[in-house]
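Heads up, the sequence shown is in our numbering, so the first residue is 6 and it goes up one at a time. Okay, so here's the structure we're looking at.
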Amino acid sequence: MDGIRARITIRLIDATSAPSEGELRIWDTDVRGFMLRIAKSGRKTYCLKYRYSNRQRWLTIGEHGSPWTPDTARARAKEALYQASHGDDPQAVKIETRAKSGTIKELFERYFVEGRIDKPLKRDSSWKVDRTNYTRHIEPLIGKRIARELTLSDLSQWQAQVAAGKTSIDVKTRKQGRAIVTGGTGAAARSMRTLSAMMSWAVRHEILDQNPCGKIQKYRDDQRERALTEDEATRLWTMIAEAEKAWVITKDFADIFRLIMLTGARRTEIVALRWSEVDFDRARLVLPPVRTKMGALNRSRYIVLSAPALDILQKGKRRGEHVFPSSVGDKPLVGVNRAWEKVRTLAGIADVRLHDLRHSFATFAVENGASLFQVGRALGHAKSVSTERYAHPTDAGARAIASDVAARFVPPSAPPANDDGPADGVQADLFGDGRAAKVLTGG
6 MDGIRARITI
16 RLIDATSAPS
26 EGELRIWDTD
36 VRGFMLRIAK
46 SGRKTYCLKY
56 RYSNRQRWLT
66 IGEHGSPWTP
76 DTARARAKEA
86 LYQASHGDDP
96 QAVKIETRAK
106 SGTIKELFER
116 YFVEGRIDKP
126 LKRDSSWKVD
136 RTNYTRHIEP
146 LIGKRIAREL
156 TLSDLSQWQA
166 QVAAGKTSID
176 VKTRKQGRAI
186 VTGGTGAAAR
196 SMRTLSAMMS
206 WAVRHEILDQ
216 NPCGKIQKYR
226 DDQRERALTE
236 DEATRLWTMI
246 AEAEKAWVIT
256 KDFADIFRLI
266 MLTGARRTEI
276 VALRWSEVDF
286 DRARLVLPPV
296 RTKMGALNRS
306 RYIVLSAPAL
316 DILQKGKRRG
326 EHVFPSSVGD
336 KPLVGVNRAW
346 EKVRTLAGIA
356 DVRLHDLRHS
366 FATFAVENGA
376 SLFQVGRALG
386 HAKSVSTERY
396 AHPTDAGARA
406 IASDVAARFV
416 PPSAPPANDD
426 GPADGVQADL
436 FGDGRAAKVL
446 TGG
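Written out as structure tokens, the structure is:
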């Protein structure tokens with residue numbers, strides 16, 4: 006739209022509402038070509054339309070706010086017009102900066118450092134996911150490409166290659182570890198989000214002119230939620246006990262799986278649990294901000310414990326700072342994936358991820374008549390300040406929900422846990438046909 010003409014002032018800006026569609030342009034009456042663009046989102050940007058080398062050009066001065074006010078932006082516009090009238094391009098420095106934007110790899114390295122300043126609320130774990138997506142699926146295929154030269158065709162081809170599994174690998178990473186990357190449409194979708202976030206950051210910092218990722222038809226993320234049936238839940242609970250008793254998995258692995266089932270907690274919240282985070286008196290886990298998704302907002306997370314969950318922790322042996330310590334150093338237990346693979350296969354639920362136990366907890370709670378708000382409390386979701394005022398009575402209700410869910414998991418005749426746990430390397434005939442299964446231990 007053509008917009009309006011008026012002297013741009015703070016008072017005028019404060020009195021002007023954002024348009025419902027498109028953008029509103031306010032052309033300054035003092036300096037020719039100087040204007041303020043107001044987007045429907047409310048974003049306000051100072052710009053200048055000028056001519057250089059017989060061509061019309063646009064200069065983006067900056068967003069309204071420190072350091073750009075009507076006066077400072079107007080002064081920059083006057084300076085730019087003076088430069089253009091004397092044969093100097095006001096955007097020469099910007100053009101040179103963009104020309105030096107470098108490769109996708111170089112730009113990502115800047116993003117992983119400088120981007121953290123722009124996104125203080127983004128969790129370290131999210132940055133790690135971005136780094137993983139980049140390392141495994143972006144850098145191998147397009148890392149050496151010049152960022153400004155990426156076309157829609159390039160991005161479509163790259164996305165298709167990731168979806169087809171071109172970045173798949175299976176390599177040994179350390180003595181007992183492997184990195185297995187499968188690719189697929191889910192990996193393509195997640196990697197595209199990471200690439201798009203980086204390029205949007207580069208556009209905001211005027212390193213790139215545009216983010217072509219927004220114009221690509223993207224794959225759908227193949228992540229899905231899988232809730233256990235009640236029969237599957239009791240079968241899994243029973244199989245965990247049988248596998249522990251037969252020394253296929255250690256007591257630590259068995260208790261980790263049980264606690265995830267009984268609390269709906271995330272895997273890392275249980276695997277890396279410290280004794281200092283267990284409040285036995287109030288029957289709950291108290292996770293500090295650094296261990297929560299809302300950690301950037303300095304909020305602790307409270308996860309209530311049902312009687313079976315509390316019993317597991319009360320019977321636990323203290324062998325250091327962590328509830329489930331590694332056998333090497335003061336670190337959390339490792340090898341959870343291998344142990345879970347064994348258990349879920351034996352239980353006949355090979356398609357169930359460890360995270361699906363959390364989803365199953367929520368599903369059972371809702372089926373038992375709990376509201377979504379109550380389920381949120383039982384899952385330990387972060388709450389507003391007003392909600393936290395009712396923490397004590399709500400915790401009691403959440404504990405009742407957790408107890409109901411525990412009853413869905415634990416069969417009436419559940420076999421007792423093996424208190425001592427198995428020893429390393431012990432062979433057991435779990436299957437009853439002479440086949441031996443080696444104990445999985447953490448390292």
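Even glycine gets a Cβ: it sits at the ideal position worked out from N, Cα and C.
Q | Validate contact between the segment 313 to 322 and the segment 338 to 355 using beta carbons, cut 8 Å, 3 pairs | A | no
**Q.** Pick from V415, L377, A352 that is closest to H364, judged by C-alpha positions
**A.** Counted from its first residue, the sequence shown places residue 364 at position 359. Minimum Cα distance to H364 is reached at L377.
Q. Among residues of its own chain, excluding the 5 on either side of W73, which ones have a beta-carbon nearer than 6 Å to its beta-carbon?
A. As a working note, residue 73 is residue 68 in the sequence shown. Contacts found: Y51, G67.
Q: Assign I15 to one of three DSSP states: helix, strand, or coil.
A: For this step, residue 15 is matched to residue 10 along the sequence shown. Helix, per DSSP.
Q: May I ask you to report which of helix, strand or coil DSSP gives E84?
A: Taking the first residue of the sequence shown as position 1, residue 84 is located at position 79. Note: E84 maps to helix in three-state DSSP.
(Q) Given this structure, state the Cα-to-Cα distance separating E326 from R263, to the nearest angstrom. (A) Here the question's residue 326 lines up with position 321 in the sequence shown. Here the question's residue 263 lines up with position 258 in the sequence shown. Taking the straight line from one Cα to the other gives about 20 Å.
(Q) If contact is defined by three or more beta carbon pairs under 8 Å, each pair taking one atom from either stretch, is the segment 55 to 63 in contact with the segment 9 to 22? (A) no
Q: State yes or no: is the C-beta of A23 nearer than 7 Å to some heavy atom of the ligand COA?
A: The ligand COA is not part of this structure, which contains no ligands at all.
Q) By DSSP, does R10 sit in helix, in strand, or in coil? A) Looking up residue 10 in the sequence shown gives position 5. Looking at R10 - three-state DSSP - the assignment turns out to be strand.
Q) Does the beta-carbon of F285 have 16 or more other beta-carbons within 10 angstroms, so that it is buried, or is it exposed? A) Reading the sequence shown from its first residue, position 280 is the one you call residue 285. Label assigned to F285: exposed.
**Q.** Close-in-space but distant-in-sequence residues of the same chain around S311 (CB under 6 Å, 5 per side omitted)
**A.** Numbered from its first residue, the sequence shown carries residue 311 at position 306. For S311, where only same-chain residues beyond five positions count, the Cβ hits under 6 Å are L267, A407, S408, A411.
Q.
Are the CB atoms of V309 and A370 within a distance shorter than 8 Å?
A. Within the sequence shown, residue 370 is the residue found at index 365, counting from 1. Within the sequence shown, residue 309 is the residue found at index 304, counting from 1. No, the pair does not count as a contact, with Cβ atoms beyond the cut-off.
Q: Using a Cβ cut-off of 8 Å (strictly closer), state whether V357 contacts chain C.
A: Although the question refers to chain C, the structure presented lacks it and comprises just one protein chain.
Q) Is L241 helix, strand or coil when you go by DSSP? A) Indexing the sequence shown from 1 puts residue 241 at position 236. Helix, per DSSP.
Q: Helix, strand or coil for E247, going by three-state DSSP, please let me know.
A: Position 242 of the sequence shown, counting from 1, holds the residue named residue 247. In the structure shown, E247 sits in a helix (DSSP, three-state: H, G or I).
Q. Given that a residue counts as buried once 16 or more other Cβ atoms are within 10 Å of its Cβ, and exposed if not, what is P125?
A. Locating residue 125 in the sequence shown gives position 120, where the first residue counts as 1. Exposed: under 16 other Cβ atoms inside 10 Å.
Q | Rounded distance between the beta-carbons of L146 and K171, thought under 8 Å | A | If you number the sequence shown from 1, residue 171 lands on position 166. If you number the sequence shown from 1, residue 146 lands on position 141. Between L146 and K171 the Cβ distance is about 7 Å, and since that is below 8 Å, they are a contact.
Q.
Please report the straight-line C-alpha distance between S161 and G188, rounded to a whole angstrom.
A. Within the sequence shown, residue 161 is the residue found at index 156, counting from 1. Within the sequence shown, residue 188 is the residue found at index 183, counting from 1. S161 and G188: Cα-Cα distance of roughly 15 Å.
Q) When the Cα atoms are used, what is the spatial distance from R121 to W132? A) Here residue 121 refers to the residue found at position 116 of the sequence shown. Here residue 132 refers to the residue found at position 127 of the sequence shown. Taking the straight line joining both Cα atoms gives about 9 Å.
Q: List the DSSP bridge partners of G2.
A: No answer is possible for residue 2: the residues shown for the chain start at 6 and end at 448.
**Q.** 8 Å contact criterion, which A23 and I43 should meet: CB distance rounded
**A.** Indexing the sequence shown from 1 puts residue 23 at position 18. Indexing the sequence shown from 1 puts residue 43 at position 38. That belief holds up - the Cβ atoms of A23 and I43 are roughly 6 Å apart, short of 8 Å.
Q) For G269, is the classification buried or exposed, using 16 other Cβ atoms within 10 angstroms of its Cβ as the cut-off for buried? A) Within the sequence shown, the letter at position 264 stands for residue 269. By the 10 Å Cβ count, G269 comes out buried.
Q) Looking at the unbroken alpha helix (DSSP H) that takes in A367, where does it start and where does it end? A) As a working note, residue 367 is residue 362 in the sequence shown. From DSSP, the alpha helix (DSSP H) with A367 extends over 361 to 372.
Q. If you pair each beta-carbon of the segment 242 to 251 with each one of the segment 346 to 355, do three or more pairs fall below 8 Å?
A. yes
Q) Which of the three DSSP states, helix, strand or coil, is assigned to A20? A) The residue you call residue 20 lines up with position 15 of the sequence shown. Helix at A20.
(Q) Tell me the rounded alpha-carbon separation between G321 and I275. (A) Residue numbering aside, residue 321 sits at position 316 when the sequence shown is read from its first letter. Residue numbering aside, residue 275 sits at position 270 when the sequence shown is read from its first letter. Answer to the nearest angstrom: the Cα atoms are 13 Å apart.
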